[in-house]
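One structure is given below, encoded as structure tokens.
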Ligand code: 5GP
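Numbering (full-length UniProt numbering), first residue to last: 1 to 189.
See the structure below:
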């Protein structure tokens with residue numbers, strides 16, 4: 001019996017909209033979905049585990065991965081660190097028919113649209129820009145300068161919602177997650 005290759009779903013959206021929370025909820029409640037683990041040059045935050053939340057790599061290792069074509073896409077995010085999607089694990093999961101989710105930034109989503117136009121592109125939107133600001137300040141993990149940098153990125157990113165196949169408003173995490181897996185076509189027997 002052959003397995004139909006699954007389609008890839010790309011989840012993007014502005015900083016602090018809750019992509020990480022929605023992804024964690026997918027991981028917890030829909031283990032049949034495989035969440036790609038990105039490589040990043042940024043340092044781990046407290047509680048983040050290497051190989052689970054990210055592959056934390058040096059700048060030299062990231063260069064090597066990018067130059068050898070190991071990354072499906074990569075980008076400098078918030079003008080600072082580099083983030084990228086390792087290609088091999090994504091291709092393996094798709095070939096095995098596993099629903100696969102990338103949680104990446106807008107620049108990365110645009111690259112994937114070039115290389116894998118059949119993917120589904122989902123934009124996670126905040127209920128409002130003010131709510132986005134509240135969430136960013138509330139998280140408290142970034143200093144004032146970094147927060148301003150991320151807000152600037154968010155303004156630009158919000159304007160890109162129309163490029164996406166679906167827009168999901170993250171008004172409530174469980175609801176947004178359920179809508180996302182529905183859009184992915186994940187159906188439970
Ligand atoms: P954070 O540092 O808060 O974990 O993530 C910062 C941003 O990097 C988020 O917008 C996230 O979507 C993005 N990001 C995470 N992994 C990747 C990746 O592999 N590629 C790209 N292009 N962006 C990523």
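Note that beta-carbon positions come from the ideal geometry of N, C-alpha and C, so glycine has one too.
As the structure is a computational prediction, the values presented were derived from the model and not from experiment.
Residue 29 and residue 56 have their C-alpha atoms roughly 25 Å apart.
Across the structure, residue 70 and residue 47 are spaced so that their CA atoms are roughly 27 Å apart. In terms of Cα proximity to residue 135, the closest of 94, 16 and 100 is 16. In this structure residue 32 is exposed. Its beta-carbon is surrounded by fewer than 16 other beta-carbon atoms within 10 angstroms. Residue nearest to residue 96 within the set 76, 8 and 174 is 8 (criterion: CA-CA distance). Of the heavy atoms belonging to ligand 1, none sits nearer than 7 Å to the Cβ of residue 120. Annotation for residue 165: 120 and 121 place their beta carbon closer than 6 Å to its own, counting only its chain and skipping 5 residues before and after. The alpha-carbon separation between residue 124 and residue 79 amounts to approximately 21 Å.
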